[in-house]
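Heads up, the thing below is written out as structure tokens.
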Amino acid sequence: ELILAIESSCDETSVAVIENGDQILTNIVASQINSHKRFGGVVPEVASRHHVEQITLCIEEALQEANVTPEELTAVAVTYGPGLVGSLLIGISAAKAFAWAHQLPLIPVNHMAGHIYAARLVKPLEFPLMALLVSGGHTELVYMAEDGSFEIIGETRDDAAGEAYDKVGRVLGLSYPSGKEIDELAHKGEDTYHFPRAMLKEDNFDFSFSGLKSSFINLVHNAQQREEPLVRENLAASFQASVIEVLVEKTVRACKTYPVKQLVVAGGVAANVGLRAAMEEAMAERLPDVELIVPPLRLCGDNAAMIGAAAHVELALGNLATYELNANPSLVFQTM
Ligand code: ATP
Ligand code: MG
Ligand code: FE
Numbered sequence: 006e007l008i009l010a011i012e013s014s015c016d017e018t019s020v021a022v023i024e025n026g027d028q029i030l031t032n033i034v035a036s037q038i039n040s041h042k043r044f045g046g047v048v049p050e051v052a053s054r055h056h057v058e059q060i061t062l063c064i065e066e067a068l069q070e071a072n073v074t075p076e077e078l079t080a081v082a083v084t085y086g087p088g089l090v091g092s093l094l095i096g097i098s099a100a101k102a103f104a105w106a107h108q109l110p111l112i113p114v115n116h117m118a119g120h121i122y123a124a125r126l127v128k129p130l131e132f133p134l135m136a137l138l139v140s141g142g143h144t145e146l147v148y149m150a151e152d153g154s155f156e157i158i159g160e161t162r163d164d165a166a167g168e169a170y171d172k173v174g175r176v177l178g179l180s181y182p183s184g185k186e187i188d189e190l191a192h193k194g195e196d197t198y199h200f201p202r203a204m205l206k207e208d209n210f211d212f213s214f215s216g217l218k219s220s221f222i223n224l225v226h227n228a229q230q231r232e233e234p235l236v237r238e239n240l241a242a243s244f245q246a247s248v249i250e251v252l253v254e255k256t257v258r259a260c261k262t263y264p265v266k267q268l269v270v271a272g273g274v275a276a277n278v279g280l281r282a283a284m285e286e287a288m289a290e291r292l293p294d295v296e297l298i299v300p301p302l303r304l305c306g307d308n309a310a311m312i313g314a315a316a317h318v319e320l321a322l323g324n325l326a327t328y329e330l331n332a333n334p335s336l337v338f339q340t341m
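Counted the way full-length UniProt numbering counts, the sequence shown spans residues 6 to 341.
This is how it looks when you write it as structure tokens:
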């Protein structure tokens, strides 16, 4: 089985060829970050234009690199939400055209299911499992009783973790997206500012990051007004310590409450070196029988390989799309 997968939900144009749902023949990611940096965020109109320019080239390059002809493909998969509507539509149109031209089945994929199924490219998944999804737009704990079944047991009440990283980064004068840079700064500093740990004591699996973001911004502004010195490394370390402690603690509790065999940590923020280390340590110490899977860095951020991995499951479950497939910018989890 060979699946051509297309991802264009935000600011990465990506095309992959995946064999049997777990082998990456190629995974091309064309990032537009440099075009969005000067605006301090992703500009939807600019993103769509870039996708239009890149998508055909990426498809051709992927097939060439994988050494696969369209005739050898089993199906075409595409992200149809959540994401920016204009960006999603470029990928969907390209996928439909390709599927029609080569008479291939079309597989619709939820971007967030893709983030979770990135773990499938590392190891076979065993159910039930818990997934901590931490990305630019989402922070949620998802319980999966079996393949294709998603139950959100907790989520952020306000900002996503990645969003908080990016907003705090702006105050530190870092360019967008700033998660990686804050992560690096944090490793050179210490938790001297002791920001609050939101919702840590509450008996649920929800998160909140906007209070932390406000505390951070107020502290920086007050210090600037009084012309007091700030230690950037310590600010980053203190912010990161608060985010990580809450994420780890609530995830461990979730894994103790539900009968899970594995924990998957996925999404752009799963690339965080501090989070990966803290989660590994906590799970080894407190839940040694639960296997932790964190995809390699290149599979944490947006990419089409993860869409191909999820598509393999969709195909096995018989979930195909018609040419009526439309973008769904606010798509939520549904049972596949
Ligand atoms: P979603 O997946 O929710 O639709 P998205 O696709 O825009 O949103 P991703 O591409 O999955 O988000 O992740 C991007 C986010 O990950 C950004 O907010 C970025 O700052 C953050 N990020 C990337 N690397 C790191 C890191 N090392 N530490 C913390 N955050 C990081
Ligand atoms: Mg992105
Ligand atoms: Fe994403």
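The beta carbon of each residue, even a glycine, is placed where N, CA and C say it ideally should be.
Please read these numbers as outputs of a predicted model, since none were measured by experiment.
What residue range does the beta strand (DSSP E) around residue i cover?
i	result
Ser115	Reading the sequence as shown, one finds Asn at residue 115 and not Ser. Asn115 -> beta strand (DSSP E) spans Leu111 to Asn115.
Thr84	Ala80 to Gly86
DSSP has residue i in a bridge; who is on the other side?
i	result
Val22	Leu9 and Thr31
Ala271	Leu138
Ala326	Leu111
Met311	None; Met311 has no bridge partner.
Tyr148	Met135 and Glu156
Ile298	Val269
Ser36	Glu17
Thr262	Paired residue(s): none; Thr262 is not in a bridge.
Thr161	Phe212
Which residues bound the alpha helix (DSSP H) around residue i?
i	result
Val278	Val278 to Arg291
Met341	Element bounds for Met341: n/a, residue is neither H nor E.
Leu93	Val90 to Ala106
Ser53	Pro49 to Ala71
Gly167	Ala166 to Val176
Of all Cβ atoms in chain B, is any one closer than 7 Å to the Cβ of residue i?
i	result
Gly26	Here there is only one protein chain, and chain B is not present.
Compare the Cα-Cα distances from residue i to each of the options and report the closest residue.
i	options	result
Asp171	Arg162, Asp163 and Lys185	Lys185
Lys128	Gly273, Gly272 and Gln28	Gln28
Asp294	Gly45, Cys260, Ala104 and Glu151	Cys260
Glu306	Leu336, Gly167, Leu268 and Met341	Here residue 306 turns out to be Gly, not Glu, going by the sequence shown. Of Leu336, Gly167, Leu268 and Met341, the residue nearest in Cα terms is Gly167.
Leu190	Asn39, Asn25, Arg237 and Ala282	Arg237
Pro264	Ser36, Ala282, Phe338 and Glu131	Glu131
Asp163	Ala136, Thr61, Ser213 and Leu126	Ser213
Leu292	Met311, Thr256 and Ala315	Thr256
Tyr122	Gln339, Val318 and Ala241	Val318
Ser14	Ala282, Ser36, Asp208 and Leu138	Ser36
Thr197	Phe221, Asn209 and Gly313	Phe221
Ala124	Val176, Glu24 and Gly272	Gly272
Ala287	Gly194, Ala314, Leu217 and Val251	Val251
Gly141	Asp16, Ile60, Glu66 and Asp208	Asp16
Gly46	Glu6, Gln69, Ala100 and Leu179	Leu179
Glu12	Val274, Ser98, Glu296 and Leu268	Ser98
Val57	Ile95, Ile23, Ile64 and Glu65	Ile95
residue 356	Arg202, Ala100, Val274 and Val51	Past the boundaries of the shown model lies residue 356; the chain is included only from 6 to 341, so the question cannot be answered.
His107	Val173, Pro49 and Leu9	Leu9
Gly194	Asn25, Tyr181, Ala82 and Gly279	Gly279
Ser53	Leu93, Glu160 and Ala315	Leu93
Val48	Tyr181, Ala82 and Gly119	Tyr181
Phe244	Phe155, Gly174, Thr84 and Ile312	Gly174
Lys266	Ala275, Ile158, Ala276 and Glu296	Glu296
Val248	Glu232, Ala104, Val139 and Val51	Val139
Asp188	Arg281, Thr84 and Asn25	Arg281
Ala314	Asn115, Val51 and Ile64	Asn115
Glu160	Leu177, Leu137, Ser154 and Ala169	Leu137
Ala289	Leu268, Gly153, Ala242 and Ala276	Leu268
Report yes or no: do the stretch 323-336 and the stretch 290-303 share at least 3 C-beta pairs separated by less than 8 Å?
Short answer: they don't touch.
Three or more beta-carbon pairs under 8 Å between the stretch 109-122 and the stretch 30-44, yes or no?
Counting Cβ pairs under 8 Å, fewer than three are found: no touch.
Every unbroken alpha helix (DSSP H) inside the stretch 178-214 [4 residues or more]
Scanning the stretch 178-214 for uninterrupted alpha helix (DSSP H) segments of 4 residues or longer gives 184-191, listed from N- to C-terminal end.
So, do the stretch 330-339 and the stretch 78-98 have three or more beta carbon pairs nearer to each other than 8 Å?
With contact defined as three or more Cβ pairs closer than 8 Å, the stretch 330-339 and the stretch 78-98 are in contact.
Cβ contact (3+ pairs, closer than 8 Å) linking the stretch 15-34 and the stretch 61-77
Flag = yes, the stretch 15-34 and the stretch 61-77 touch.
Counting beta carbon pairs with one atom in the stretch 309-327 and one in the stretch 136-150, are three or more of them shorter than 8 Å?
No contact exists between the stretch 136-150 and the stretch 309-327.
When you compare the stretch 224-237 with the stretch 247-256, are there three or more beta-carbon pairs, one atom per stretch, that lie closer than 8 Å?
Contact fails: fewer than three Cβ-Cβ distances are below 8 Å.
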